[in-house]
Every structure is written in C-alpha cells, then in structure tokens.
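Here the structure is laid out as structure tokens; the discussion comes afterwards.
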Amino acid sequence: MPEAIWISFAFGLGLLIKAVGLPPLVGYLGAGFVLSGLAASPSIGISAEPTSVLAHIAHLGVLLMLFTVGLKLKLKSVISPEVIGGSLLHFAITCFVFTPGLYLLLDISWYVAFLLAVALSFSSTVLAAKVLENKRELRAFHGRVSIGILIMQDLIALLVMSLAAGQTPSEWALIVFGLPLLRPLLFKLLDASGHDELLVLLGLLLALVLGGMGFETVGLSSELGALVFGAILANHPRSQELAKSLWSVKEIFLVGFFLQIGIGGLPDTNAIIFAVVAALVLPIKGILFFFLMLLFRLRARSGFLTALALTNYSEFGLIVASIALPEWLVPLAITVALSFLISAPLNRLAHPLYERLSHRLVPFESQQRHPDELPISLGDTRVLVMGMGRTGTAAYDWLKTSEARLMALDSDLPKVQRHQAKGRNVVYADAEDNTFWEALHMPAVEAVILAMSDIEAKLIAARMLRKLGFTGYIVAHTMYADEAERICEAGADDAYLTMSETGVALASHLLDRVPAIPALASDKAS
Numbered sequence: 006m007p008e009a010i011w012i013s014f015a016f017g018l019g020l021l022i023k024a025v026g027l028p029p030l031v032g033y034l035g036a037g038f039v040l041s042g043l044a045a046s047p048s049i050g051i052s053a054e055p056t057s058v059l060a061h062i063a064h065l066g067v068l069l070m071l072f073t074v075g076l077k078l079k080l081k082s083v084i085s086p087e088v089i090g091g092s093l094l095h096f097a098i099t100c101f102v103f104t105p106g107l108y109l110l111l112d113i114s115w116y117v118a119f120l121l122a123v124a125l126s127f128s129s130t131v132l133a134a135k136v137l138e139n140k141r142e143l144r145a146f147h148g149r150v151s152i153g154i155l156i157m158q159d160l161i162a163l164l165v166m167s168l169a170a171g172q173t174p175s176e177w178a179l180i181v182f183g184l185p186l187l188r189p190l191l192f193k194l195l196d197a198s199g200h201d202e203l204l205v206l207l208g209l210l211l212a213l214v215l216g217g218m219g220f221e222t223v224g225l226s227s228e229l230g231a232l233v234f235g236a237i238l239a240n241h242p243r244s245q246e247l248a249k250s251l252w253s254v255k256e257i258f259l260v261g262f263f264l265q266i267g268i269g270g271l272p273d274t275n276a277i278i279f280a281v282v283a284a285l286v287l288p289i290k291g292i293l294f295f296f297l298m299l300l301f302r303l304r305a306r307s308g309f310l311t312a313l314a315l316t317n318y319s320e321f322g323l324i325v326a327s328i329a330l331p332e333w334l335v336p337l338a339i340t341v342a343l344s345f346l347i348s349a350p351l352n353r354l355a356h357p358l359y360e361r362l363s364h365r366l367v368p369f370e371s372q373q374r375h376p377d378e379l380p381i382s383l384g385d386t387r388v389l390v391m392g393m394g395r396t397g398t399a400a401y402d403w404l405k406t407s408e409a410r411l412m413a414l415d416s417d418l419p420k421v422q423r424h425q426a427k428g429r430n431v432v433y434a435d436a437e438d439n440t441f442w443e444a445l446h447m448p449a450v451e452a453v454i455l456a457m458s459d460i461e462a463k464l465i466a467a468r469m470l471r472k473l474g475f476t477g478y479i480v481a482h483t484m485y486a487d488e489a490e491r492i493c494e495a496g497a498d499d500a501y502l503t504m505s506e507t508g509v510a511l512a513s514h515l516l517d518r519v520p521a522i523p524a525l526a527s528d529k530a531s
C-alpha cells in the first residue's frame, strides 16, 4: 500500500521541518521529491507513481481550502481599485517582460513563451491563504488585498485555461449569476445543521458537490465554485464556526496536494536550471507588487506585507501547464516548489523584516493615504480596547455602562463596520503596524486592554505603548502561562489566563445566585 509509506514520509519530514521553524507544508513537498528519488532506485522498491486516489485527495484539499477562504471574504472589500487594478497591471507587466525573455533564452515559440509567462505571473492561492490564515491575517487589510488579487488571478487563469483548451462554458453557466438568490436557503440550512457532524457534512456538500462538481458540470472551474459558495455564506454569523469545523479535514487533504507536486517525477538538469532561474527573478515579482500597491496609495507596510504574501509561483500555473503545456509540467512543478521554500519562511518573518526595512520603504509612500489606512487620533479616550473579538467585545460592553470615554480598535475592517453599525465606538487600526504607532496621538488614555487573538500583536502593542511613554495600566488575556509571562515582560501590568478567569467568573455567578452553598458545605463538614 504505497499511500501508507507516503503518509509516513509526509509526517516525518513535516515534523522535521516544523522543528526548524518552517511551515510543515515545506516538508510535505520535500517528502514528495524524496519519494520520487527513492522510487528511481529499483533496489529500494518504493512506489512513487501519482495515483488517482492521491490526485482526488489533493483536489478535495484545494477545494476545501478555497471554500474556507470564501467563508472569510467580504466581496465588497474585494471589489476595490487596488485589487482589480493591481492584479491586472501586474499580470500585463509580467507577461510583457517575461514573454520576450523566455522566447530568447529558451528558444521556444512565442505562443509557448506567452503561456509560460502567464503561468509564472500567478501567485499561490493555497500557500498565501494558508500563511495568512496561520498568522490570523486573512481579514486584516493587507490580507484582504492579497486574497482579492489572488481571486482576480484565479479568474484570469480560468479564462486562459478555457481559451487554451478551446472550450467555453455551457449556456447553463449563466445560472451562476443567480446563486446569490440561494443565500436565504443556505443560511437556513446552516442554522439547522447544529454544531456537530451535520455542520461538517454541510460544508463538504457546498464545497465539493454544489461548488466543485456543480461548477464543473456547467463548464466552469470547480475551484471557483468552492470559493463562490464560501463567499455566499461569508456574512452568516456562524460562517467562522463552519470554517473551524472543516479545518482538520482540509489540512489532511492538503497534505495530498503538496505530496502530489513532489511525486510528479524527478526533474532533469534543464528543469532544475529553469526553476533556479525562475527563483532568482522571483524578487522582481514581489517588487512589482510592492510599487503597484503604493501606486494605489497603500502605505509601505501594507504594500510590503501584500507583496511578500504574493511573492511565489502558483499551483494554478501547474493546472494551466497540464492543459496547455504538458511538457513543461515538471519544470514548473519544481519552480513552484522552490518558490514555496523561499516564500514560506520569508512570510513567517514578514513583520520583523518590515521593521528592519521600514526606514527604506516608507519614503516611497504616496502623500495621499488610502481611506482604510488613515491615521487615528484617540482624542479624549480614557480606556482603549485593542481587538474586538469575543473577549474584547465582552470587555467593551461591560465597560460602556460606566465609562463614557471608551474606544476600541481592530484590524478587521468588516468587523469594525459591524461594531459601528451596533453603535460601538470602534475604528480600524492594526496594532502590528509601526506607522500606526508613529502617528498615534493618545493624550488622555489611562488604561489599555489587549484583547487581540495573536500573541505577537499583544507583545508588539505592549512594547510600543511603553516605548511611546505610556505609563497607564495595560492588561491582557492569553491561553497559556508562558505567553502571559512574555506579555508582562513586554510591558503589560497584568496578563490573565482566559480559561482560569472563566472558571472564576462561573464560580462568582454561582455564589451570587446560591450564597448558602459555602455554609451548607461547612455544616456537613462539622
């Protein structure tokens, strides 16, 4: 059973790669190539031929990934100048520069050179979404811009594949434009599914059957279908619960996707040279994205983080190659894998990298700011809540009954808009943004609650508050004792363990309702 050996290799290399601080997906890619190498030796007797089972699992993983990305999307935030303009300009410039270069260097036809340039112009939706999701930045401003650009690239890829294959969607594809009319029905199904296995099955039904198979039936991409059905449910209050319920299933299937890339076959010398050269020009792709984002008035930090998330080559390039350029599939697979090896660790260090380079990047900013990135003045705010998830919202609602000068910040613009619609004084800001801290004016603030979900955001916020000379009270929550120590070392006065405080709160509610319990206990003891 070759799949058992493949899983063992994937786990072993994934664990090894994680131990050195890289995402396990790099290990899964490496496992595929190691298996290909071992299979080339007859004496070892390991099979590494791509199977239909592995291909199917890989495809399901991609569909589930795109479905969960869709669950986090707000389409109105995707339809923006920086997303549409940035993606189209990057695609046009990349093809204009790469096509003649590939034509001259590889001695190939203009048609093949153009299709290779198209394949290299895309960025990886799977890698970028996974990196942003792991850092909990999918719904931050730069995360939304990155995902929006990736969606535009996916649409371009679908168009290219249709033209290259000589196929067009059937007339039934027009039904897709009526899918928003199904939203009330889908919302009711989500409400009726409860919190257990029916919720998971609903997610699989929408992502794989209605989205995947349904779109394929009418001649459209199954990947697009999964994304669309996720986006339809994005505004439902339980959309994130659905995403979390699918998390483990999605992760397991994605292992198959990364294994499949490596098991595809060992490259020859020309394929390796092609991949290395493509990796050497990869920074040009990121630099172009950075300056295009500045052109649309994003600040240097947002432009840098967006560009870094998109500085890789795409699995969609492999799909394009499988249809239009099958002879180039292995070189492109090596290119994509090598770009993952470069991009994954760089994205893990994205924020420290920007801190080091910010003094060189900020001078390139436009004098005009994007509306979502305007500086913030806290005015006469006395208590500040940073992070408006469940904990931050609970703290805000409890304080507002006694504190009139209360304000909250959050880096998720749609979430900010929801809070504002409910009458809360919440504004958009990213605590991990150095420029935000440099422009921040908070003359009357006396206390700050750090309620962000990300430990790094809390550490940066505590550190920057003290660096700005803030001497007031800083309190935070966290799940782990070691994180609480780090937060206090960064400058917070107190850091409470969330689950411990929940237990204390439950006990206090009990004593409020049944005050005789302690007395009864002492009577029994005597």
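Here this note's numbering runs 5 ahead of the position in the sequence shown, where the first position is 1. Ideal placement from N, C-alpha and C gives every residue a C-beta, glycine not left out. For clarity, every value in this text was computed on a predicted model and none was experimentally measured.
Check, Outcome
"Cα-Cα separation, A486 to L191", "41 Å"
"Candidates L285, L69, V88, of which the one nearest S344 by Cα", "L285"
"For S458, three-class secondary structure by DSSP", "coil"
"Buried versus exposed call for L525 [16 or more other C-beta atoms within 10 Å across all chains shown]", "Any reading at L525 needs caution, since the residue's pLDDT is 49, under 50, leaving its predicted position unreliable; the model's value is listed next. Exposed, by the Cβ-count rule."
"Candidates V117, F38, S128: closest to S319 by CA position", "S128"
"Selection from S114, A248, I324, L209 that minimises the alpha carbon distance to I161", "I324"
"Proximity of F258 and A63 at Cβ, strictly below 9 Å", "yes"
"Counted within 10 angstroms of its Cβ, other Cβ atoms place L229 as buried (16 or more) or exposed", "buried"
"Span of the alpha helix (DSSP H) around M70", "57-76"
"Spatially closest choice to L303 from L30, D517, G148, by CA coordinates", "G148"
"Three CB pairs or more closer than 8 Å across the stretch 212-222 and the stretch 230-244", "yes"
"Strand pairing of A145, partner residues [DSSP]", "D417"
"Status (buried if at least 16 other CB within 10 Å, exposed otherwise) for G66", "buried"
"Cβ distance (whole Å) where A456 is taken to contact G496 below 8 Å", "No, A456 and G496 are not in contact; Cβ-Cβ is about 16 Å, not under 8 Å."
"Three-way DSSP call (helix, strand, coil) for H95 in this model", "helix"
"Rounded C-alpha distance that separates A449 from P419", "28 Å"
"Nearest-angstrom beta carbon gap, T398 and H482 [assumed within contact, 8 Å]", "In fact, because the Cβ distance is near 13 Å, the residues do not count as touching under 8 Å."
"A510 classed as buried or exposed, judged by whether at least 16 other C-beta atoms fall within 10 angstroms", "exposed"
"Residue closest to S505, alpha-carbon to alpha-carbon, out of A489, R518, E494", "A489"
"Beta-ladder partner(s) of I339, from DSSP", "I339 pairs with nothing; no bridge assigned."
"CB of L351 within 9 Å of CB of Y359, strictly", "no"
"Coil, strand or helix - L238 by DSSP", "coil"
"Buried or exposed by the 16-neighbour rule on C-beta atoms within 10 Å, applied to F101", "exposed"
"A409 beta carbon less than 9 Å from that of L389", "no"
"Exposed unless 16 or more other CB atoms sit within 10 angstroms - verdict on Y433", "buried"
"Nearest residue (CA-CA) to G277, options T316, A342, A305", "Here the sequence assigns Ile to residue 277, which means Gly is not the residue at that position. Measuring from the Cα of I277, the nearest candidate turns out to be A342."
"Inter-stretch contact (C-beta, 8 Å, three-pair minimum) for the stretch 130-140 and the stretch 102-111", "no"
"Option nearest W11 by Cα separation, candidates I22, L34, I98", "L34"
"Candidates E494, G37, K140: closest to S458 by CA position", "K140"
"Distance CB(L69)-CB(L251) smaller than 9 Å", "yes"
"Per-residue burial, H152 [other beta carbons within 10 Å of its own, 16 or more giving buried]", "Strictly speaking, residue 152 in this sequence is Ile, with His absent from that position. It counts as buried."
"Residue range of the unbroken alpha helix (DSSP H) whose run includes L215", "Careful: L215 lies outside any alpha helix (DSSP H) and carries neither H nor E."
"Cβ contact check for the stretch 185-201 and the stretch 110-129: 3 or more pairs under 8 Å", "no"
"For V519 and I156, the rounded distance between their alpha carbons", "56 Å"
"Beta-bridge partners of S382, as assigned by DSSP", "H446"
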